[in-house]
Amino acid sequence: MLMRTYLDLTTEAHASLTAMDQAAGDGDFGDNLRDALRLVDSRMPDDAGLAVEFAVAATCFLDEVGGTSGPLIGLLLQEIAAALAAAPAGRSEVDDALVAGLAAGIAAVQRVGEAQVGDRTMLDSLVPALDLLTEAPRPVDWAAVAAEARRAAEATAGLKARMGRASYVGERALGTPDAGAVGMALFFAALAQERTA
């Protein structure tokens, strides 16, 4: 299951996510993401398809996860769930729905969070991954998308934060990637495992 894979990857990266967030904020991102995904896992039906996985995850993130990132991740997941719920069951149709849902979700995150690419946020890995998805031929090479998200997340180490708590620490966080961007890169890594299995 996608969300269980995301939980596993987040658990493995927990210490790194925490250290990244400590450099720029209050250090709770690793805990919040891991704990949210544990909650998602505890509520996930055993027979959940991809649309249900995203719907359950969206509800958990929107209703029960604190911090700034929780509701924003919830918005992203909610839009993906809606796109998947309306999609036919074929592999290419599901890939197209994932891309459409990601586009709508990223737009929602930008609208509500008022951030843009370059602000040192989760958008700095989400948007480059989406750009690759919209330009790439089908079938989608999800491993390449995950690699692009990871590359973009690592590149946030050179960005000065302009949004959120990280914007108050000035240049102290330079040299350390943004935890939110890395958390989204882990999401794409989980998605790549799910879609190539």
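Okay, so the sequence shown: first residue is 0 according to numbering that gives the first Met the number 0, each after it adds one. In this text, a Cβ means the ideal position worked out from N, Cα and C, and glycines have one as well. None of these values were measured; they are calculated from a predicted model.
Quick check on the DSSP output: the alpha helix (DSSP H) that includes residue i runs from which residue to which?
| i | result |
| --- | --- |
| Arg-37 | 28-42 |
| Asp-130 | 122-134 |
| Asp-177 | Taken as a continuous stretch (DSSP letters only), Asp-177 belongs to no alpha helix (DSSP H), as it is neither H nor E. |
| Thr-10 | 1-11 |
| Gly-100 | 90-112 |
| Ala-82 | 68-84 |
| Ala-142 | 141-154 |
Under 6 Å Cβ to Cβ from residue i, same chain only, skipping five residues before and after it: list those, please.
| i | result |
| --- | --- |
| Ala-128 | Val-144, Glu-147, Ala-148 and Phe-187 |
| Met-183 | Met-121, Ser-124 and Leu-125 |
Counting C-beta neighbours from all protein chains within 10 Å, is the total for residue i 16 or more, i.e. buried, or is it exposed?
| i | result |
| --- | --- |
| Ala-178 | buried |
| Asp-25 | exposed |
| Gln-77 | buried |
| Thr-195 | exposed |
| Gly-100 | buried |
| Ser-68 | buried |
| Val-55 | buried |
| Arg-33 | buried |
Any heavy atom of the ligand PLP closer than 7 Å to the CB of residue i?
| i | result |
| --- | --- |
| Val-116 | Among the components of this structure there are no ligands whatsoever, and the ligand PLP is therefore not found. |
Sorted by chain position, which residues of the same chain lie with C-beta nearer than 7 Å to residue i's C-beta, five sequence neighbours on each side aside?
| i | result |
| --- | --- |
| Ala-142 | Ala-191 and Thr-195 |
| Val-111 | Leu-71 and Leu-74 |
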